[in-house]
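Enquirer:
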Amino acid sequence: MSRLRNFIDKIKPNFEKGGRFAKLHSTFDAFETFAYTPKTVTASGSHIRDAVDLKRTMIVVVMALVPALLFGMWNVGFQHFRTLDPSLSPAQNLWGNFWYGFLKVLPIIIVSYVTGLAIEFTFAQIRGHEVNEGFLATGLLIPLVLPVTIPLWQVAVATAFAVIIGKEAFGGTGMNFVNPALLARAFLFFAYPSSMSGNSVWVSEPADALTGATPLSSVTTGQCSASLADMFWGFVPGSIGETCVPAILLGALLLLVTGVASWRIMAAVLAGAIGTSLMFNAIGGSPMAELPFYYHLVMGGFAFGCVFMATDPVTAAQTNIGKWIYGFLIGFLVILIRVKNSAYPEGMMLAILLMNVFAPLIDYIVVWFNIRKRIRRAAIK
Amino acid sequence: MPELIKIRKGLDISIVGAAEKIVVRQETLGSCALKPTDFVGLTPRLIVAEGDSVQAGTPLFCDKADEQILFTSPVSGTITAITRGERRAIMEVVVTPDGSNDYVDFGSADPLSLTREQIVAKLLQSGAWPYLRQRPFGTVANPAQPPKAIVISGFDTAPLAPDYDLLLHGRGEDFQAGLDAISRLTDGPTYLCLNPKMNLSGVFRNSKNVEIKHFTGKHPAGNVGTQINRLCPINKGETVWFANPQDVATIGHLFNTGRYFPEKIVAFCGQSVKTPRYYRVLAGFDIASVAESQVADPNARFISGNVLTGSNIGRGGHLGFYDNMVTVIPEGDDYEFMGWLAPGLKKFSFSHTFLSGILNTLNIKKEYEVNTNIHGGQRALVQTGKFEQVFPFDIYPMQLLKACIIGDIEQMEALGIYEVEPEDFALCEFIDVSKTDMQQIIRNALETLRKEC
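Those protein sequence lines, which keep their order, are chains S and D.
Numbering (the numbering used here) for the first sequence: 1 to 381.
Numbering (the numbering used here) for the second sequence: 382 to 834.
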C-alpha cells in the first residue's frame, strides 16, 4: 500500500498550483481522497470529528441501489426473452437473462457517470472546491429510472442538463432544489416523449411491438396486465430499477438502518398514498380509482421513488415536521395523478418534483411557528 | 425532591484516557499565566510591566471597555514575560512564582451581611469578577446590568469530563459562601443544576440559598447552555449569568478569608497521557511540568478544556482561565487507505454507517481511540435531521447556522441566536458529515451582533 502512497506523493506536485496539470487538480484530489482519507487535522472548533463523511454516506446509497440494479439487469433480459417465448418462467435462463441485461444496462451507466462526473470535476475545478460525492448516487439513479431502450446520446444530454441546470447552476450538491436524477428523467420525458412513454419503450428488442405495456398504463384502459405477485416481484416491464419491490425494500432496509435516508419521509409517502387511494376507493368511478391501495404500492415507480427519490435530503423538506407534510403530499399527489390523469398515469416523478419545489415553503412555515413561539415568549415578559 | 428535567437528545462520546480519581499535588510549580484571549471580546489594558513583582491579587490588566473589571495575579512572583501576537495583541502575561505566600488582603466578610454593591466591589477589586460570565455572547458579566437569573452547572457530561464531586471535595464552606455571594447579584433566581446520578456529594446536595434543579441525560445535559434553555431561555435584551463550581468556591474563599487564591483541581487526561489523574494546581498553571513526565508522544495535541470545545495550547501552554481539565490526544495527520470503506468498529461515529454508531445506539458502551483528523473534507451541508438528534434546544440548528453564514441578523435573532454559544454547536460540529466549522461560524455571528448592540 505504501507503494501506491509513494506514487501519489510523487505525482502530486504536478497537480498543485503551478504544476503541469494544475487544471486537473480537482480530478486528482477526487481520486486521491478516494484512495486515501486525507491527513487534514482540525484547526478550529471541536478537536475530534466523527469518522463519517459524505463519501461514506453516498457509498451507502450506492450500495442500497445494488439489489435493484442487479434485478433490473436480469429483468431486462427476462422481458426480452419472454417476448420470444411467452411461456418463459422467471426461474429459467437466469444467467442468460442477466448477461443480456447487463450488456444493455452497463453502457447507460457508463454514459451517465462519465458525463456527470466530467461536468462535476470541471465545476469543482472552476470553483476551487473539492469534488462533491453527490453524483456517485445520482449517476446510478439516472439509469435506474430510464427505460432500457433509451438512446445513449439522450442519456448524455439528460445527465448534462440535470447536472448543469439542476445542480451546478445553483451552486452544486447541497444547493440544488430539485432532485437531479428525476430532473434528468423529466427532461427526457418532455423533450423526447417517444423515448420515454408508450408501450414500445420498456422492453429491449421485443419480438412483437404489442407486449410491452407497463401494468400501470394497462389499468387505465381497463384491466391490469399483470398479477399482483408479478408486480411485487418485478417480473413486469418498466424502468430498469423500479420494478422489483423486494430489491427496493432491501435497499430501504440498508438506508433506514444506517440512518442515511429519513424514515419519516418514507412513512409519510406510504401513509399519503394509502390514505388517498382508500379515499378514491370510496368515491370510485374508474378502474384506477377502484384499484386497491396495495396495487398502487407495487406498481410503477412508487416504491423506488418513495425509497430513493423522495428521501434525497437536499431537495426534501429539512425540518422533521416538514418531512411528514412533504412525504404525505407526495403520496397524495401520486395517487391523484394516477387516478385523474389517465394520459400519463406514472405520477411519482411529477409528484416528487412538484414537492421538491414546495419543500422550502413547507420548511418556511414550520420554522415560522418556532419563530413565533420565541416572539410570544419575549412579549410575555 | 427537586424538579427533574430529562434531556433526551444528545450524545455521549466515550473515549480512552479518563482520569483516575487520585489527586496529585504538583510539586515543581512552574509559571502561571493570565491570557486575555480566554475572555471573549476583551481588549486588555496592561497595568504591569515585565520585571514587576506582584502579589496574589495584584491587577495585571483591566478591560479597556470597563476599567473597573480587573484581572489579577493568581500567585505572588515576578512578571517574566508579556507575550504579544499579531498586531501586538497581548496573548499572555506570565508570572513566575517567588515561593512566598504574599497576597493582597481584601478583607473577609459574610456575603449575606453585605449589600449587592459591596459584593460587586469586592469581586471586581480582587479579580474574581471575571469568573462570572454572561449569555448571550459569553463575555465577562457586565456589573452594571443585573441578570434575570444565574445558572451554575454542578456536573459536566463532555468527553472525559472531570468528576465535580472530586473537584469540590472538602470545599463545602467556600462553595456555600460563593453561592451566597453570587445569589445576591440577581433579583431573579440562582439555579444550581445537579445530576442525581453524578452529584452524590453533600457539598452540592446541601447547598442553600439557591434553587436546585435536577438534570439527567446525555451530553450536553451538563452544559449550562442546555440548562438555561430549559430553565430561563434568553430573550433579546436579557442576560443570564453563569459560573463554574470551582470558581464559585474560589469566590467563596475570597469572602471567607479575604484572600484571592485560585487553586483548583484539574484533570490531566486523554489517550496520550501515561497515567491520567487529577492535579491540584493554580489557575493558569504551566502544563509543561506535567506534560514532561506524562506525555511521551511528540506529535500530540494539548487541549485546555475538553476535546469538543477546548483550545489548543501546545506542550508548553498555560491552562485556560475557565478550564478544569487538560486533554492530550494524538494528532491525526496521516493518510488512511480507503478510510471510508472500513466497517468501523474501531472508529467512533454517531452515524449508523459505522458499526460503532449502531453499537452506541444499542447502548453497548466501548471506549474509542480518537485523534484530530477531520476524517473527510469540507462540503456543502447535505444531510438533514441529524443535528436535531444531538441538539436539545427548541431551535432549528441548521436554519440558524445558515442564517449565521449569510450574516442575516434579523433571521438570526428570530431563530434564537441569543440562546446559544459556540459550545452548544460542538456536537453538531462533531457529527457533521460535511465537516463545517460551526463553532467558529456561531462565534463570528455572535461577535457581529455584540458589536452591533
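The beta carbon of each residue, even a glycine, is placed where N, CA and C say it ideally should be.
How far does the alpha helix (DSSP H) with T149 (chain S) in it reach, from first residue to last?
Expert: Counting along the chain, T149 (chain S) falls outside any alpha helix (DSSP H), and DSSP gives it neither H nor E.
Enquirer: Return the chain-ordered ranges of every beta strand (DSSP E) run that is complete within the region 620-662 of chain D and spans a minimum of 3 residues.
Expert: Counting only runs of at least 3 residues, the region 620-662 of chain D fully encloses the following beta strand (DSSP E) elements, listed from N- to C-terminal order: 621-624, 644-650.
Enquirer: Does L758 (chain D) get closer than 9 Å to chain S when you measure Cβ to Cβ?
Expert: The question names Leu, yet the displayed sequence has Gly at residue 758 (chain D). So yes, G758 (chain D) belongs to the interface.
Enquirer: Under 8 Å Cβ to Cβ from L353 (chain S), same chain only, skipping five residues before and after it: list those, please.
Expert: V178, N179, L182, L183, A186
Enquirer: If I measure Cβ to Cβ from P417 (chain D) and keep anything under 7 Å in the same chain, skipping five residues before and after, which residues do I get?
Expert: L423, P425, F442, I471
Enquirer: Pull up the distance between the alpha-carbon of E498 (chain D) and that of P527 (chain D), whole angstroms please.
Expert: 11 Å
Enquirer: Go ahead and label L581 (chain D) buried or exposed: buried means 16 or more other beta carbons lie within 10 angstroms of its beta carbon, across all protein chains shown.
Expert: exposed
Enquirer: Pull up the distance between the alpha-carbon of D775 (chain D) and that of V366 (chain S), whole angstroms please.
Expert: 13 Å
Enquirer: What do you reckon, are the CB atoms on W263 (chain S) and S239 (chain S) nearer than 9 Å?
Expert: no
Enquirer: Let me know if Y295 (chain S) comes out buried or exposed under the rule of 16 or more other beta-carbons within 10 Å of its beta-carbon.
Expert: Per the 10 Å Cβ criterion, buried.
Enquirer: Cα separation between V269 (chain S) and L689 (chain D)?
Expert: 38 Å
Enquirer: Could you tell me which chain D residues have their CB closer than 9 Å to the CB of Y36 (chain S), listed as they occur along the chain?
Expert: Y716, E717, F718, M719, G720
Enquirer: Whose Cβ in chain D lies nearer than 8 Å to the Cβ of G331 (chain S)?
Expert: Residues of chain D passing the Cβ test: none, with the nearest at roughly 19 Å.
Enquirer: Any residues in the region 20-36 of chain S with a beta carbon nearer than 7 Å to a beta carbon of chain D? Which ones, in chain order?
Expert: T33, A35, Y36
Enquirer: Just checking my contact of T646 (chain D) with L548 (chain D) at CB under 8 Å: how many whole Å lie between their CB atoms?
Expert: Position check: residue 646 (chain D) holds Ile in this sequence, whereas Thr was assumed. Contact holds; Cβ gap of about 5 Å.
Enquirer: Per DSSP, which one or two residues make a beta bridge with A414 (chain D)?
Expert: Answer is D:V475, bridged to A414 (chain D).
Enquirer: Would you say G766 (chain D) reaches chain S, if we count a Cβ-Cβ gap shorter than 9 Å as a contact?
Expert: yes
Enquirer: For the region 46-66 of chain S, which residues have a CB atom closer than 8 Å to at least one CB atom of chain D, in sequence order?
Expert: S46, H47, I48, R49, D50, A51, V52, D53, L54, K55, R56, T57, I59, V60
Enquirer: Using C-beta distances below 7 Å, list every residue in its chain close to N93 (chain S), excluding the 5 sequence neighbours before and after it, in chain order.
Expert: Within the same chain, F81 come within 7 Å of N93 (chain S) by CB-CB distance, once the 5 residues on both sides are set aside.
Enquirer: Return the first residue and the last residue of the beta strand (DSSP E) that C809 (chain D) is part of.
Expert: Not the beta strand (DSSP E): C809 (chain D) falls in the alpha helix (DSSP H), residues 807-812.
Enquirer: Measuring straight from C-alpha to C-alpha, what distance separates S434 (chain D) and N523 (chain D)?
Expert: 30 Å
Enquirer: Please work out which residues of its chain come closer than 6 Å, Cβ to Cβ, to Q759 (chain D), disregarding the five sequence neighbours upstream and downstream, and give them in chain order.
Expert: K816
Enquirer: Does the CB of M279 (chain S) have a neighbour CB from chain D at under 9 Å?
Expert: no
Enquirer: Check each residue of the region 256-270 of chain S: if its Cβ is closer than 7 Å to any Cβ of chain D, include it; give the result in chain order.
Expert: V257, T258, G259, V260, S262
Enquirer: Can the beta-carbon of P711 (chain D) be found closer than 9 Å to that of D678 (chain D)?
Expert: Yes. Within cutoff.
Enquirer: Straight-line CA distance for L392 (chain D) to E242 (chain S)?
Expert: Our two residues, L392 (chain D) and E242 (chain S), have alpha carbons roughly 38 Å apart in a direct line.
Enquirer: At what residue ranges does the region 149-190 of chain S contain a whole run of the alpha helix (DSSP H), taking only runs of 4 or more?
Expert: 152-166
Enquirer: Is the Cβ-Cβ distance between A437 (chain D) and V421 (chain D) less than 9 Å?
Expert: Taking a C-beta distance under 9 Å as the contact criterion, A437 (chain D) and V421 (chain D) do not qualify as a contact pair.
Enquirer: Considering only the alpha carbon of each residue, which of D:N752, D:T597, D:I500 lies closest to D561 (chain D)?
Expert: D:I500
Enquirer: Could you tell me which chain D residues have their CB closer than 8 Å to the CB of P180 (chain S), listed as they occur along the chain?
Expert: Per Cβ cutoff of 8 Å: no residues; P180 (chain S) is ~13 Å from chain D at best.
Enquirer: Would you mind telling me which residues of chain D sit closer than 8 Å to S44 (chain S), beta carbon to beta carbon, in chain order?
Expert: D818, Q820, Q821
Enquirer: Report the three-state DSSP secondary structure of Q407 (chain D) (helix, strand or coil).
Expert: Of the three classes helix, strand and coil, the one that applies to Q407 (chain D) here is coil, per DSSP.
Enquirer: F373 (chain D): which of D:G603, D:I403, D:T631 sits nearest, CA to CA?
Expert: Summary: the structure shown does not reach residue 373 (chain D), with chain D confined to residues 382 through 834, and so no result is reported for it.
Enquirer: Put L573 (chain D) into one of helix, strand or coil per three-state DSSP.
Expert: In this structure, L573 (chain D) counts as strand in the three-state DSSP scheme.
Enquirer: Spell out whether any CB of chain D is found under 9 Å from the CB atom of M73 (chain S).
Expert: no
Enquirer: Anything in chain S within Cβ reach of M779 (chain D), meaning under 8 Å, just list it in chain order.
Expert: Q318
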